[in-house]
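Chemist: Here it is: the structure, laid out below.
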């Protein structure tokens, strides 16, 4: 029995084990799912999934690929300029839609771009830069990352206030990081050349109408099949970049829905002191439902077209499979020897065990009565036309037939008969398999799933990319952290943190919390688990000072909170793929594009990037809190 241990199952198994031994109980499960201390896990999950639906729907419309194509056109073939444009593009877009859509479309786009560029030796400069800047950008808005939602909820931070405090450190980080990446980390011209030599797309491919890639087999290959390195696939990769699909209506509608949802969200959250607190998913859930209805309606309206495309592509794929099977399905025992006279046909049995014509014919008869009868009738026909056969046994078990020049047509007749018989046998076998297999639950579900893909391609593509695995993982992590709270471990950590801040002050609080945030992301259950844990530690730290009557200064408290925000967002591109769910997604997409990133390479490339990013971000945050905050007791919000 194979049981998968993953980020979805491991925390859940841990929770069940702790429940079984009564280490945690009903209270921990309730507080870890319904919520406690201003953190509402279910609300956060609903908010994030509904907003993710809108963002991924925009991505499925082809908007991100199309905009990346326009950026590629603007950058032209000047390598450093193109790197700057793509860097700015991913940062700007990631600020609003978050890192997941950027990683979904941006990673594939860069993989194709570097593949069709003849003088880019390795894509790592483009890939690591894109991954880093997407995660940096997601630190600006609360809605861009679930870690920000946890943090804002835990400390009752209004969304607009969070953005106002984070935008300066993040933007300065992005500005300083660009030249560091270009001239220090990836300075080699083999990685980012001064002039990029792109292959050109054929006129036929340019004039061809782009096909919606969400339709099954729209790219001309079987779904889920890895892309092989070939001239045909290189042409397809180039077409993905230079002739991208764009659903203009869907992209425009999705962009409007996203903009309205974010503006409404910021406005209502800012006015919460007047109109009262409301769950944030009250805004995103209706918006996502409207987007879903649009996608369903669009798919139903164009169902004939999409089904025709899917049917055509499936027929082409099946024809290619049949052609390959026909070329390989010719009886191995018969072929004309290259360079030999047309008077000689060598019958070569596939294995030594079937040497001898009598044994070969017997094996053919056992395999297929039709094939055997056809073979015998053809041989009989040849015998009646006066063919003389001289049989000689060779060590290689070859059987040589000596045929007169004038009777070559009879040899061809035998070949044709064998080919027809083999084709008939293969078709009958396929029909028997089709009719003999009863409908099972698996085959029924697969058939219905394909029907939905062909009818509603956008909806099914979006649903397949929604981060559903985040839900069991995050809820289980909330329960685990709540167990640490009730069993007294979190207060222990909080006392340790209090001693550190007392010794080092505000600057030590920023540096220490930033360091903890980055390091814990790598082994404390991604940046989401780290955010939950550190939020509870800071809340316990608050309670310690409330109990002893010594208030935390406004400067030190908010410096700690925003340093944690920097650490858990930037920590996604540190030393392990598991530092974030986005990192695991990024690695899987690259693997499908035949770009395999080793763990050691990931850590080695990211260490200078994360060190520089955190140093710059924390330095700017120090200046910000010393300018904007004072030493009066902190105020929430």
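In our numbering, the protein residues as written are 91 to 727.
Note that the Cβ used here is the ideal one computed from N, Cα and C, for glycine as well.
Only a predicted model underlies this, so the values are computations on that prediction, with no experimental measurement involved.
#1: Does the Cβ of residue 708 have 16 or more other Cβ atoms within 10 Å, making it buried, or fewer, making it exposed?
#2: Between 184, 338 and 535, which has its C-alpha nearest residue 150's C-alpha?
#3: So the alpha helix (DSSP H) residue 194 belongs to, where does it begin and stop?
#4: For residue 227, I'd like the list of residues in its chain whose CB is within less than 6 Å of its CB, leaving aside the five on either flank, ordered along the chain.
#5: Cα separation between residue 154 and residue 594?
#6: Measuring CA to CA, which of 209, 152 and 567 is closest to residue 300?
#7: Kindly give me the distance between the Cβ atoms of residue 714 and residue 251, rounded to whole angstroms, as I take these residues to be in contact under 8 Å.
#8: Rank 211, 541, 255 and 644 by C-alpha distance to the C-alpha of residue 229 and give the top, closest one.
#9: If you count every other CB in all the chains shown that lies within 10 Å of the CB of residue 283, and 16 or more means buried, which is it?
#10: Going by DSSP, which residues form a beta bridge with residue 207?
#11: With a Cβ-Cβ cutoff of 7 Å, do residue 532 and residue 147 count as a contact?
#12: Which of the three DSSP states, helix, strand or coil, is assigned to residue 129?
#13: Taking the DSSP output, what are the residues bridged to residue 168?
#14: Quick check on residue 530: buried or exposed, where buried means 16 or more other Cβ atoms within 10 Å of its Cβ?
#15: Is it buried or exposed for residue 645, if we count other Cβ within 10 angstroms and need 16 for buried?
#16: Give me, in chain order, the residues of the same chain whose beta-carbon lies closer than 8 Å to that of residue 223; leave out the 5 immediate sequence neighbours on both sides.
#17: In angstroms with no decimal places, state the Cα-to-Cα distance between residue 703 and residue 655.
#18: Taking residue 563 as the reference, which of 589, 546, 588 and 622 has the closest Cα?
#19: Have a look at residue 694 and residue 347 and give me their C-alpha separation to the nearest angstrom.
#20: Within the continuous alpha helix (DSSP H) that includes residue 531, where are the two ends?
#21: What three-state label does DSSP hand residue 643 in the structure shown?
#22: Quick check on residue 213: does DSSP put it in helix, strand or coil?
#23: Who are residue 723's beta bridge partners in DSSP?
#24: Counting Cβ pairs closer than 8 Å, one from the stretch 210 to 220 and one from the stretch 95 to 110, do we hit at least three?
#25: For residue 390, collect the residues of the same chain with a Cβ closer than 8 Å to its Cβ; drop the 5 residues on either side in sequence, then sort them by chain order.
#26: Return the CA-CA distance between residue 539 and residue 671, expressed in angstroms with no decimal places.
#27: What is the DSSP secondary structure of residue 293, reduced to helix, strand or coil?
#28: Need the endpoints of the alpha helix (DSSP H) that residue 585 sits in, please.
#29: Quick test of the definition: if touching needs 3 or more C-beta pairs under 8 Å, does the stretch 286 to 300 touch the stretch 132 to 145?
#30: Locate the alpha helix (DSSP H) running through residue 302, then write down its first and last residues.
#31: Can you give the Cα-Cα distance for residue 340 and residue 106, rounded to whole angstroms?
#32: If you reduce the DSSP assignment to three classes, tell me which class residue 346 lands in.
#33: Using a Cβ distance threshold of 8 Å, determine whether the stretch 568 to 586 contacts the stretch 159 to 174, with at least three qualifying pairs required.
#34: Is residue 555 buried or exposed, if buried means 16 or more other CB atoms sit within 10 Å of its CB?
#35: Can residue 207 and residue 286 be called in contact, C-beta distance under 7 Å?
#36: Buried or exposed for residue 332, going by 16 or more other Cβ atoms inside 10 Å?
Modeler: Put simply:
#1: As a position in the chain shown, residue 708 is number 618, starting the count at 1. Burial state of residue 708 is buried, judged by a 10 Å Cβ sphere holding 16 or more other Cβ atoms.
#2: Position 60 of the chain shown, counting from 1, holds the residue named residue 150. Scanning 184, 338 and 535 for the CA closest to the CA of residue 150 turns up 338.
#3: Taking the chain shown and counting its residues from 1, the one referred to as residue 194 is at position 104. That residue, residue 194, is in no alpha helix (DSSP H); it is neither H nor E in DSSP.
#4: Residue 227 sits at position 137 when you count from the first residue of the chain shown. So the qualifying residues of the chain are 181, 184 and 185.
#5: Taking the chain shown and counting its residues from 1, one reaches residue 154 at position 64. Taking the chain shown and counting its residues from 1, one reaches residue 594 at position 504. Using only the alpha carbons, I get a separation of about 45 Å.
#6: The count along the chain shown starts at 1 and reaches residue 300 at position 210. The residue from 209, 152 and 567 with its alpha-carbon nearest to that of residue 300 is 152.
#7: Walking along the chain shown from the start, residue 714 turns up at place 624. Walking along the chain shown from the start, residue 251 turns up at place 161. Going by Cβ atoms, the distance from residue 714 to residue 251 rounds to 13 Å, so no, they are not a contact pair.
#8: Your numbering for residue 229 matches position 139 in the chain shown. Nearest in C-alpha terms to residue 229, of all of 211, 541, 255 and 644, is 255.
#9: As a position in the chain shown, residue 283 is number 193, starting the count at 1. With 16 or more Cβ atoms within 10 Å of its Cβ, residue 283 is classed as buried.
#10: If you number the chain shown from 1, residue 207 lands on position 117. As DSSP reads the structure, residue 207 sits in a beta bridge with 288.
#11: For this step, residue 532 is matched to residue 442 along the chain shown. For this step, residue 147 is matched to residue 57 along the chain shown. 7 Å or more divides the Cβ of residue 532 from the Cβ of residue 147.
#12: Within the chain shown, numbered from 1, the residue matching residue 129 stands at position 39. Strand at residue 129.
#13: Taking the chain shown and counting its residues from 1, one reaches residue 168 at position 78. Note: residue 168 sits in a beta bridge opposite 285.
#14: Looking up residue 530 in the chain shown gives position 440. Burial call: exposed.
#15: Locating residue 645 in the chain shown gives position 555, counting from the first residue. Residue environment analysis places residue 645 among the buried positions, since at least 16 neighbouring C-beta atoms fall within 10 angstroms of its C-beta.
#16: Counting from one through the chain shown, the residue named residue 223 turns up at place 133. Same-chain partners within the cutoff: 177, 180, 181, 184, 264 and 267.
#17: The count along the chain shown starts at 1 and reaches residue 703 at position 613. The count along the chain shown starts at 1 and reaches residue 655 at position 565. Taking the straight line from one Cα to the other gives about 13 Å.
#18: For the purposes of this step, residue 563 is taken as the residue at position 473 of the chain shown. Relative to the Cα of residue 563, the nearest Cα in the group 589, 546, 588 and 622 belongs to 622.
#19: Translated into the one-based positions of the chain shown, residue 694 becomes position 604. Translated into the one-based positions of the chain shown, residue 347 becomes position 257. Residue 347 has its alpha-carbon roughly 40 Å from the corresponding atom of residue 694.
#20: Residue numbering aside, residue 531 sits at position 441 when the chain shown is read from its first letter. Taken as a continuous stretch (DSSP letters only), the alpha helix (DSSP H) holding residue 531 covers 531 to 545.
#21: Taking the first residue of the chain shown as 1, we reach residue 643 at position 553. Here residue 643 sits in strand by DSSP.
#22: The sequence position of residue 213 within the chain shown is 123, counting from 1. If DSSP states are grouped into helix, strand and coil, residue 213 belongs with coil.
#23: As a working mapping, residue 723 is identified with position 633 in the chain shown. Bridge partners of residue 723: 643.
#24: No, because fewer than three Cβ pairs between the stretch 210 to 220 and the stretch 95 to 110 fall closer than 8 Å, the two stretches do not touch.
#25: In the chain shown, counting from the first residue as 1, residue 390 sits at position 300. Within the same chain, residue 390 has close Cβ partners 545 and 546.
#26: Residue mapping note: residue 539 aligns to position 449 of the chain shown, counting from 1. Residue mapping note: residue 671 aligns to position 581 of the chain shown, counting from 1. In a straight line, the C-alpha of residue 539 is about 26 Å away from that of residue 671.
#27: The residue you call residue 293 lines up with position 203 of the chain shown. Correct three-state label for residue 293: helix.
#28: For this step, residue 585 is matched to residue 495 along the chain shown. Taken as a continuous stretch (DSSP letters only), the alpha helix (DSSP H) holding residue 585 covers 579 to 611.
#29: Segments in contact, no.
#30: Along the chain shown, one-based indexing puts residue 302 at 212. No alpha helix (DSSP H) contains residue 302, which DSSP labels as neither H nor E.
#31: As a working mapping, residue 340 is identified with position 250 in the chain shown. As a working mapping, residue 106 is identified with position 16 in the chain shown. Computed Cα separation, rounded: 43 Å.
#32: In the chain shown, residue 346 corresponds to position 256, counting from 1. Correct three-state label for residue 346: helix.
#33: No, the stretch 568 to 586 is not in contact with the stretch 159 to 174.
#34: Within the chain shown, the letter at position 465 stands for residue 555. Residue 555 is buried by the Cβ-count criterion.
#35: Here residue 207 refers to the residue found at position 117 when the chain shown is read from its first residue. Here residue 286 refers to the residue found at position 196 when the chain shown is read from its first residue. Yes, the Cβ-Cβ distance between residue 207 and residue 286 is below 7 Å.
#36: In the chain shown, the residue the question calls residue 332 occupies position 242. Only buried fits residue 332, as 16 or more other CB atoms lie within 10 angstroms of its CB.
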